[in-house]
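Novice: Note that this note's numbering has the sequence shown beginning at -13, numbered continuously upward.
Every residue gets a Cβ at the ideal spot worked out from N, C-alpha and C, and that includes glycine.
Sharing a structure with you now.
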Amino acid sequence: MANEVVKRNVLLNPGPATTTDTVKYAQVVPDICPREKEFGDIMRNMRGELVKIVHGDPEKFTSVLFTGSGTMNIDVCVNSLVPDGKKILFADNGAYTSRGVEVAAAYHIPYIDLKSPFDEPVDPAKVEEALKADPEIAVVYTTHNETGTGVLNPIGKIGEIAHKYGCTFIVDTTSTYAMIPIDIEKENVDFVMASAQKGLMAFTGLSFVVGRTALIEKSKEYTTRSYYCNLYLQYEFFEKTGEMHFTPPVQTVYATAQAIKEYWADGEEKRYQRHVDVWNAIHEGKERLGFKDIIKKEYQSKMVVSIKYPNDPNWDFTKIHDYCYERGFTIYPGKVASTDTFRLCTLGQIYPKDIEEFWKVFEEACVKTGVSIPAKY
Ligand SMILES: *Cc1c(COP(=O)(O)O)cnc(C)c1O
């Protein structure tokens, strides 16, 4: 089986990511009932590893697994961690924190949507003003890397303020976990989250929250707003039985276990550096061809580059996308505010030489479709 060749695609979209063949093949296992101890051992071990990746002290932090895509974690954290009668404050500078706002609205949880400009990091002073003004706020929520723009938020500073006002701090780290080094306690974060198909470079279907055990246990007292997506209920079941409450994504768990082994084999620094090298290669090609990005370089997470469509009557994103796609490169469109953009992301098992190849193909696509190079704005 392992000798067969699976075509390698370079995914530059914001997840799922390009995976290694060893992770792909790790899914091919003998059929197993996930209630077997053998499978439970894999999950128990994984829960510990997921805490370790963000340097969590196992005496204070735990992880809880869910079957679902990354948005499930947003749902779980927002619906489970706001005490009755209290509010959640969203430090919101983009689409992913706005998704948290939608979750709060859907569950009728009192919230404040503290909006700030999409093209710069959240200002911690604004968060402090909001907390000072409203003692009902018990939870602060933001996104580490706003994947739609690539803006990196200063979570350590926001967390410091959240804690100063006695609030729980939740961060959506889906697009930084296992990519940008995170020390959960030093950065004043109580809960992080991610899914297996992003930084870990496994597959969609397994998501997880890493957070403070004491706060999860305390949340037992809060009104249950969801049955399947409740943090305490899932945690409690794991603690009692070592299993997920309902059927886990068995093959994805095997692939994720392999992906975690590969993460440790590289190590945190080497992983981060590779993503940064890919980011630099994205900028080099972008500059060579005269394309422009929308976010100041110093604000970028180095995990995403958001590029403006050129001002060229021949520019047709679909044509460019299709040309690249047929040659094994996937790019991703997205509107940021009212600006049309496409995104190039650094996640996945990809290297600077893949990006050099990509820009060659992209340039060919431009030439073939009559788009001016250097790009016109
Ligand atoms: C990808 C992503 C998610 C989850 O998206 P799904 O499509 O549900 O997997 C959540 N937050 C951020 C910041 C993301 O990048």
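1. Scan the segment 50 to 115 and note each continuous alpha helix (DSSP H) run of 4 residues or more that stays entirely inside, going in chain order.
2. Give me the Cα-Cα distance between S358 and E343, rounded to the nearest whole angstrom.
3. So the alpha helix (DSSP H) F224 belongs to, where does it begin and stop?
4. Check whether the segment 150 to 170 and the segment 110 to 126 are in contact - that is, three or more C-beta pairs closer than 8 Å.
5. Looking at C-beta atoms only, is the number of pairs between the segment 225 to 241 and the segment 35 to 47 that lie closer than 8 Å three or more?
6. Does the segment 277 to 290 come into contact with the segment 135 to 142, if we say contact requires no fewer than three beta-carbon pairs (one atom in each stretch) closer than 8 Å?
7. Kindly indicate which three-state DSSP category P338 falls into: helix, strand or coil?
8. Using only CA atoms, which one of D302, A323, R313 and F328 lies nearest to K294?
9. At the level of alpha carbons, what is the spacing between L36 and E349?
10. Output the distance between the C-alpha atoms of G71 and C352, rounded to the nearest integer angstrom.
11. Taking just the CA atoms, how far does V322 sit from E115?
12. Check whether the Cβ atoms of G191 and S55 lie closer than 9 Å to each other.
13. On the premise that A164 lies in contact with Y249, defined as a C-beta separation below 8 Å, what is that separation, rounded to the nearest angstrom?
14. Quick one, which of H261, V264, D7 and R33 has its alpha-carbon nearest E229's?
15. Cβ of N(-5) within 8 Å of any heavy atom in ligand 1?
16. Around the C-beta of C310, are 16 or more other C-beta atoms found within 10 angstroms, so that it is buried, or is it exposed?
17. Per DSSP, N131 forms a beta bridge with which residues?
18. Tell whether a beta-carbon distance below 9 Å holds between Y337 and P0.
19. The alpha helix (DSSP H) with K247 in it runs from where to where?
20. Rounded to a whole number of angstroms, what is the C-alpha to C-alpha distance between T53 and T238?
21. Pull up the distance between the alpha-carbon of M187 and that of M179, whole angstroms please.
22. Please report the straight-line C-alpha distance between I280 and F189, rounded to a whole angstrom.
23. How is E170 classed by DSSP in three states: helix, strand or coil?
24. In the structure shown, what three-state DSSP assignment does D120 receive?
25. Could you pull out every residue in the same chain whose Cβ sits closer than 7 Å to the Cβ of D302, ignoring the five residues on either side in sequence?
26. Am I right that P2 and V236 are in contact with their C-beta atoms under 8 Å? What's the rounded C-beta distance?
27. Drop a sphere of 10 angstroms on the beta-carbon of F76, count the other beta-carbons inside from all chains shown, and report buried for 16 or more, exposed for fewer.
28. Answer yes or no: do Y93 and V62 have a C-beta to C-beta separation smaller than 9 Å?
29. Within this structure, are the beta carbons of G145 and V50 separated by less than 9 Å?
30. Can you tell me whether D7 is buried or exposed? The criterion is at least 16 other CB atoms within 10 Å of its CB, across all chains shown.
31. Quick check: does the Cβ of N59 come within less than 8 Å of any heavy atom belonging to ligand 1?
32. Between K256, D109, V40 and D298, which lies nearest to T159 when the distance is taken from Cα to Cα?
33. For ligand 1, is there any heavy atom lying closer than 8 Å to the beta carbon of E248?
34. How many Å lie between K38 and V(-4) at the Cα?
35. Using the rule of at least 16 other Cβ atoms within 10 Å of the residue's Cβ for burial, across every protein chain shown, is V(-8) buried or exposed?
Specialist: Concretely, from the data shown:
1. 57 to 66 and 81 to 92
2. 19 Å
3. L217 to T227
4. yes
5. Verdict: no, contact absent.
6. Judged by Cβ distances under 8 Å, the segment 277 to 290 makes contact with the segment 135 to 142, as three or more pairs qualify.
7. helix
8. F328
9. Looking at the two C-alpha atoms, the distance is approximately 40 Å.
10. Rounded to whole angstroms, G71 to C352 spans 56 Å at the Cα level.
11. 27 Å
12. Yes, the Cβ-Cβ distance between G191 and S55 is below 9 Å.
13. About 6 Å separates the two Cβ atoms, so the contact holds.
14. R33
15. no
16. buried
17. Under DSSP, N131 takes part in a beta bridge, and its partners are L138.
18. Cβ distance not < 9 Å, so Y337 and P0 don't count as in contact.
19. Its alpha helix (DSSP H) spans residues V236 to D252.
20. 10 Å
21. 15 Å
22. 30 Å
23. In the sequence under discussion, the amino acid at residue 170 is Ile, which differs from the Glu named in the question. DSSP places I170 in coil when its eight states are reduced to three.
24. When secondary structure is reduced to three states using DSSP, D120 falls in the coil class, being assigned neither helix nor strand.
25. Counting only residues of its own chain and dropping the five nearest sequence neighbours on each side, D302 has a CB closer than 7 Å to the CB of T355.
26. So it is not a contact: roughly 18 Å between Cβ atoms.
27. buried
28. no
29. no
30. exposed
31. Yes, since a heavy atom of ligand 1 falls inside the 8 Å radius drawn around the Cβ of N59.
32. V40
33. no
34. 29 Å
35. If you draw a 10 Å sphere on the C-beta of V(-8), you find fewer than 16 other C-beta atoms in it, and that means exposed.
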